[in-house]
Each structure stands twice: as structure tokens, then as C-alpha cells.
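Peer 1: full-length UniProt numbering applies: residue 48 is where the sequence shown begins, and numbers increase by one.
Backbone N, C-alpha and C fix where the C-beta goes; we use that ideal spot for every residue, glycine too.
For reference, the structure I am asking about is given below.
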Amino acid sequence: ISYDRQRGWDAGSLHPYRPIVLDPTAMVLHYGQAIFEGLKAYRQPNGTIAVFRPMENANRFNRSATRLSMPQLPNDLFIRSIRALLHVDRDWVPKNLGQSLYLRPLMFASEPMLGVRPSDQYEYILIASPADPFFSADPTPLRVWITHEYVRAAPGGTGEAKCAGNYAASLLAQAEAFDAGCDQVVWLDAIARTQVEEMGGMNLFFVEQSGDQTRIVTPRLTGTLLAGITRLSILQLAADAGFQAAEIDLSVDEWRDRCASGTITEAFACGTAAVIAPIGEVRSSKSSWLVGDGGAGPITMRLRKSLLDIQHGISEDRHGWMEEM
Ligand code: PMP
């Protein structure tokens with residue numbers, strides 16, 4: 048659907064998926080006003096289709112829009128676009144356990160204009176793509192690369208928004224990670240370059256043992272990392288499971304030292320795509336170490352199962368996270 052500053056959203060102008068024609072001066076191509084979301088629809092055991100926490104995505108989409116000086120997309124339009132897509136053909140949602148339909152809402156500036164100012168015209172598009180199962184009983188632990196050279200987001204910047212430019216800024220470090228034999232980049236804060244923030248497309252968690260206490264901790268939202276919806280859900284599930292759950296500051300040195308001393312026993316990454324992925328090994332230009340014995344930790348796997356079971360309708364949805372569509 049299209050937006051014009053004067054007329055607002057043209058909610059009646061729904062078009063099927065097709066290539067789009069843009070003017071070469073379309074503002075998104077020059078000034079990068081593009082935001083998106085990622086969420087999943089799951090087939091439930093009773094045959095219905097449910098989407099995981101879509102209102103959280105709608106709210107984050109609009110926070111991103113505010114930061115990029117783009118118009119709000121009313122939450123009900125965001126939700127209606129998903130319902131409309133799922134009602135065209137419900138068979139788009141895969142039937143195999145573990146599979147899902149990945150949904151990618153996207154908004155970008157379409158006004159033809161070379162001057163630098165917020166665009167007056169936008170397009171909103173919803174893309175859907177079947178996603179592979181992340182349901183295997185023993186996922187291969189990730190090997191992650193800490194970049195000391197590049198930063199993803201600085202205070203006051205767009206790090207908290209889900210905007211295209213953040214990903215553009217991360218690609219070179221991602222390539223460096225691949226060259227170092229790693230799967231993903233770990234980003235540090237932009238000022239001290241010591242504090243662990245997040246990964247390229249996932250948030251980070253650590254399992255800490257002190258005495259007989261187990262703490263599930265994640266870097267605090269500093270304004271330069273994405274407020275992941277999986278992250279938010281895991282903080283809740285960890286508390287539900289009787290663990291202490293906390294948002295903390297953690298430096299790279301502390302991460303390494305606490306792995307060496309056995310205080311940090313597990314680490315994992317989380318996000319809509321992979322849900323929860325164990326981290327087995329950490330590398331950087333300065334040092335490398337294993338997390339635990341390098342395998343998938345038991346608490347990581349337990350939290351992973353409790354989240355997947357809710358998403359697949361296998362266990363009770365105590366928090367009302369699954370929205371039937
Ligand atoms: N950080 C970044 C940079 C991401 O792109 C994502 C994926 N949206 C996440 C974290 C995880 O967020 P979520 O759990 O909402 O998918």
C-alpha cells in the first residue's frame with residue numbers, strides 16, 4: 048500500500064506481489080529511508096495459524112519509523128496486512144513441524160526527489176517466505192567473531208531502529224567473520240569498544256553460575272542495539288523457569304575471564320530466524336576461547352525448547368503471545 052503526506056495511507060490499494068518500478072531519484076536509493084520487521088506464522092496442532100507477538104513487531108516498526116522520520120503505519124493496518132496475506136492462501140504456512148512462514152514487512156521512501164529531507168511518499172510491502180525448521184534436537188553451536196575494528200551503531204544513531212542502513216554498516220565485518228571461519232559478528236559499544244552489545248541479526252544471552260544460583264543475563268538496551276522480541280520473551284521464560292533473569296553490562300574481557308573461571312557456562316544468540324542458537328566458540332583478532340566445552344548447553348536447550356513449544360502450539364501459551372490469524 049502507498050502513503051502520501053497529504054492523503055495518508057491508501058489502505059484500499061492492496062496489490063499482489065510484483066516487481067516494483069521506482070524513479071532513479073526515489074529517495075530510499077539515496078538517503079536510505081527504509082525500515083523493516085521480521086516475524087513468523089506457525090501452523091498450530093489444531094490446524095489454525097498463529098503469529099508470534101505481532102503487536103510487538105508493529106510497535107517496533109513504528110519506533111523505527113519515528114527515528115527515520117517516516118510516517119506511522121497504524122498498528123491495525125500492520126496486523127490487517129498479515130491477516131490479508133494469510134487469507135489469500137493459508138497453505139503458504141508450511142505444515143511440517145518446525146517450519147514456519149517468515150513475514151517481512153517493509154516500508155521505504157518512494158518520492159522522486161534529489162534534495163535531502165524526509166520523503167513525502169512511501170510504500171509498505173509485506174513479503175512472505177517459508178522458513179526451514181530450526182527444530183533439530185541438536186543444533187550446531189555457532190562460532191562467533193568479535194569485531195574490534197568496526198562499530199554497528201553509535202549513541203544517538205539508528206542502532207535501536209530496524210533500518211536498512213544498520214545492516215549495510217555491518218556487512219564488511221560480517222565478511223571478515225566469514226573469513227575468520229565464523230558464523231556471525233559480535234558487536235561492541237561504539238565508545239569504549241569494550242562492552243558486548245549484540246550480533247548481526249540476533250541478541251546475546253549468557254548463563255552464569257554463582258554458588259547454586261543460575262542467572263540468565265543479556266546486555267542491557269543501551270540505545271545502540273535492537274530490542275529483540277525473542278530477547279524479551281526469553282527474559283520472561285527464564286523467570287518462569289525459576290532462574291534469575293537480568294539485563295547487565297558485560298565486557299569482552301569479562302566474557303572471556305568468566306568462561307575461563309567457569310562462571311559463564313553457556314552463551315546463546317536469539318532472534319526470530321534462528322529462535323535460539325547456542326554459541327560454542329568466540330574468536331577475535333586479540334583472543335579466542337570456548338564457551339563451556341564448546342557444545343550446546345543444557346539451559347540453552349531447555350529455554351529453546353520452551354520457546355519453540357509455545358510457538359508450535361505444543362505447550363500452553365501462558366502469556367498470550369500467539370495471535371491467531
Ligand atoms: N538484533 C538485530 C540486529 C536483528 O536484526 C535482530 C532480528 N530482528 C535481532 C537482534 C533479534 O530480534 P528479534 O528477536 O525481534 O527477531
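1) With a threshold of 8 Å on Cβ separation, who are the neighbours of Q231 within its own chain once the five nearest residues in sequence on each side are excluded?
2) Kindly examine ligand 2 and report whether one of its heavy atoms sits closer than 6 Å to the Cβ of L273.
3) Tell me the start and end of each unbroken alpha helix (DSSP H) in the segment 107-161 that is at least 4 residues and wholly inside, in chain order.
4) Apart from the five residues on each side of it in sequence, which residues of its chain come closer than 6 Å, Cβ to Cβ, to W336?
5) Which class does R278 belong to by DSSP, given the choice of helix, strand or coil?
6) Cα separation between H134 and Y50?
7) Considering only the alpha carbon of each residue, which of F83, I129 and R127 lies closest to F108?
8) Could you pull the start and end residues of the beta strand (DSSP E) that I96 belongs to?
9) For the alpha helix (DSSP H) holding S353, just list the boundary residues, first then last.
10) Mind listing, in chain order, the continuous beta strand (DSSP E) runs of no fewer than 3 residues lying wholly within the segment 154-236?
11) Which same chain residues, not among the five before or five after residue 377, have their C-beta less than 6 Å away from its C-beta?
12) Are T271 and A215 touching if we call contact CB-CB under 7 Å?
13) Over what stretch of residues does the alpha helix (DSSP H) that includes D304 continue unbroken?
14) For I361 and V98, I'd like the C-alpha separation in whole angstroms.
15) What are the boundary residues of the beta strand (DSSP E) that includes L76?
16) In whole angstroms, what is the alpha-carbon distance linking S280 and A288?
17) Could you check where the beta strand (DSSP E) with W368 kicks off and where it finishes?
18) Where I339 and Q256 are concerned, what is the direct C-alpha to C-alpha distance, given to the nearest angstrom?
19) Using 7 Å as the threshold, is the C-beta distance between G85 and G212 below it?
20) Out of C210, C229 and P71, state which residue places its alpha-carbon closest to the alpha-carbon of P159.
21) Give every residue of the same chain whose Cβ lies closer than 7 Å to the Cβ of A343, excluding the five residues on either side of it in the sequence, and list them in chain order.
22) Return the residue from the list Y197, I263, L76 and Y89 that minimises the CA-CA distance to I357.
23) Between I129 and ligand 1, is the CB less than 6 Å from at least one heavy atom?
24) Using alpha carbons as the reference points, say which of G204, L76, L350 and L173 lies closest to F252.
25) Determine which residues share a DSSP beta bridge with G318 and list them.
26) Please work out which residues of its chain come closer than 7 Å, Cβ to Cβ, to M372, disregarding the five sequence neighbours upstream and downstream, and give them in chain order.
27) Would the C-beta of N109 count as close to ligand 1, meaning under 6 Å from any of its heavy atoms?
28) Would you say the beta carbon of G203 comes nearer than 6 Å to a heavy atom of ligand 1?
29) Ordered along the chain, which non-local residues of its own chain (more than five positions away) have a Cβ less than 7 Å from that of T312?
30) Does ligand 1 have even one heavy atom less than 6 Å from the beta-carbon of T319?
31) Hey, quick one: how far does the beta strand (DSSP E) through L86 stretch, first residue to last?
32) Looking at C-alpha atoms only, which residue of L148, L61, L235 and G162 is the closest neighbour of L76?
33) Please report the residue range of the beta strand (DSSP E) in which E363 lies.
34) Take Q91 and list the residues in its own chain whose beta-carbon comes closer than 6 Å to its own, dropping the five residues that flank it on each side.
Peer 2: With the structure as the only source:
1) L189, V191, W192, Q221, A224, M246, G247, G248, M249 and A316
2) In the structure on display, ligand 2 does not appear, and the ligands it does have are ligand 1.
3) 122-135
4) Counting only Cβ-Cβ distances below 6 Å, and skipping sequence neighbours, we find R303, C306 and V329.
5) Helix.
6) 23 Å
7) F83
8) Looking at the DSSP string, the run of the beta strand (DSSP E) that includes I96 is I96 to F99.
9) P345 to Q358
10) Runs of the beta strand (DSSP E) inside the segment 154-236: 168-178, 189-193 and 231-235.
11) Outside the displayed range of the chain (48 to 372) lies residue 377, so it cannot be described from this structure.
12) no
13) V299 to A307
14) 14 Å
15) From DSSP, L76 is part of no beta strand (DSSP E) but of the alpha helix (DSSP H) over M74 to Y78.
16) 12 Å
17) Boundaries cannot be given for W368, as no beta strand (DSSP E) includes it and DSSP labels it neither H nor E.
18) Note that residue 339 is Gly in the sequence shown, not Ile. Answer to the nearest angstrom: the Cα atoms are 12 Å apart.
19) no
20) P71
21) D185, P186, P188 and P325
22) Y89
23) no
24) L350
25) V322
26) Within the same chain, A88, I96, A97, V98, I129, R130 and L133 come within 7 Å of M372 by CB-CB distance, once the 5 residues on both sides are set aside.
27) no
28) Within 6 Å of the C-beta of G203 there is not a single heavy atom belonging to ligand 1.
29) V254, Q256, G339 and G344
30) yes
31) Going by DSSP, L86 is part of the beta strand (DSSP E) stretching over L86 to R90.
32) G162
33) Taken as a continuous stretch (DSSP letters only), E363 belongs to no beta strand (DSSP E), as it is neither H nor E.
34) A97 and G360
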